[in-house]
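Position one of the sequence shown corresponds to residue 8 (my numbering), numbered consecutively onward.
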Amino acid sequence: MAVFRQIYTSFWTDPKVQEEWTPEDKFFFILLLSNPQTTQIGVYQVTKKQLAFWMGYSEESIRALMDRFINHHKCIKYNPDTREIAIKNWGKYNLTKGGKPIIDLLNKELKEVKDIELIKYVIPSIEKADIRKIFEDYYEMAKNGGFYDTSTIRERVVTRYGDNNNKNNNKNNNKNNNKNNNKNNNKNNNKNNNNNKDDSVVVDKIKQYFDLESKDIEKIIDVFIHTNKGIDYLEEKLRLVKNTDGVKSITGYLITALEKNYKPIPSKKDKNKFRNFDETFTQYTTDEFDAIVK
């Protein structure tokens, strides 16, 4: 289940939305973008009964709204047999970042889609080439009844810190860097390598601190991705939660710590009488200090 979803404010200023959409249309579409069933890939399972409950409408009204969005606005597709829905332009606004955590999540959710034609429906809106490639490869593989091997995808897919960082490009870049001996390029490559390393250990980093269920780890990863922070930020919050007594929900507290940037509070046991010995006594002369200690 999604923790939160981003909705762009430009939705409200879109000319088509302003002129052609009714208040019910706007309410319905916002629900489709942000309800608890949404996924990172823009294809998810939801029933008309659930939508009716959330909106406070009858199922008949929901059927009318879905028909309007499918045939008039042409911005969603729905499979009544699998009860899966696909948002046409989901990729344009939500699939804009890479990185191992997001790639792992995409691979997992793609495998859960029953109607693969809904995956094909979402692909044209994905502007980030490496992510679109994942969707296209999975669709072709699923269509042909084969198995989808994600191990090669992880090597080819770019992390959030840069593009075209697959094995072949790394080899070529290393050769060029050695030949050119360019200091600036070496510095940039070192930074990229560090960032890629950070991305590759997010899941393992969480497991080093806590033994959580996969669904809880996914929630944490989802929130961490949206913070746009590095692995050090995640580890800081993991240590904070680990060292906090009386935490009832590790997942909930960690998510809140990531979102609100909780800072660790020093334990009373770790506090010294003087936080800096030199700072405390430099105000005294040698004679005054001798008098104090006597």
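We put the beta carbon where it would ideally sit given N, CA and C, even for glycine. Owing to the predicted nature of the structure, the values given are computational and were not obtained by experimental measurement.
Tyr51 carries a strand assignment under DSSP once its states are collapsed to helix, strand and coil. Rounded to whole angstroms, the gap between the alpha carbons of Leu112 and Val254 is 27 Å. The beta carbon of Glu242 sits closer than 7 Å to the beta carbons of Lys212 from its chain, once the five residues preceding and following it are set aside; these are given in chain order. Counting C-beta atoms within 10 angstroms of its own C-beta, Trp19 has fewer than 16 neighbours from the protein chains shown and is therefore classed as exposed.
The shortest C-alpha to C-alpha distance from Lys140 to any of Gly105, Gly152, Asp122 is the one to Gly105. The continuous beta strand (DSSP E) containing Glu91 extends over residues 91-94. Straight-line spacing of the CA atoms in Val129 and Glu143 works out to 10 Å. Counting every other CB atom within 10 Å of its CB across the protein chains shown gives Thr89 a total below 16, marking it as exposed. Residues of the same chain with a CB within less than 6 Å of the CB of Leu72, apart from the 5 flanking positions on each side, are Phe35 in chain order.
By the Cβ rule, the segment 56-66 counts as touching the segment 23-43, because three or more pairs are nearer than 8 Å.
Cα atoms of Ile92 and Ile272: separation of roughly 45 Å, rounded to the nearest angstrom. With contacts defined as CB atoms closer than 8 Å, Arg12 and Thr54 fail to qualify as a contacting pair. Straight-line measurement puts the Cα of Val24 at about 15 Å from the Cα of Leu39. Under the DSSP assignment, Ile83 falls in the beta strand (DSSP E) whose first and last residues are 83-86. Across the structure, Arg70 and Lys267 are spaced so that their CA atoms are roughly 39 Å apart. For Asp239, the enclosing alpha helix (DSSP H) begins and ends at 238-249. It is roughly 10 Å from the alpha-carbon of Pro43 to the alpha-carbon of Gln57. Residue burial is scored here from C-beta neighbours: Gln47 has at least 16 other C-beta atoms within 10 angstroms and is therefore classed as buried. By a beta-carbon distance limit of 8 Å, Pro108 does not contact Ile238. Their separation comes to about 10 Å. 8 Å or more divides the Cβ of Ile77 from the Cβ of Lys95.
In the DSSP assignment, Ile228 falls within the unbroken alpha helix (DSSP H) covering 221-234.
Between Asp218 and Thr258, the C-beta spacing is not below 8 Å. With contacts defined by Cβ atoms closer than 8 Å, Val120 and Val50 form a contacting pair.
Going by DSSP, Gln215 is part of the alpha helix (DSSP H) stretching over 209-216.
Between Lys150 and Leu102, the C-beta spacing is not below 8 Å. Glu220 and His79 have their C-alpha atoms spaced approximately 42 Å apart. Glu116 and Thr263 have their alpha carbons spaced roughly 24 Å apart.
Contact check for Tyr269 against Leu247 passes: the beta carbons are separated by less than 8 Å.
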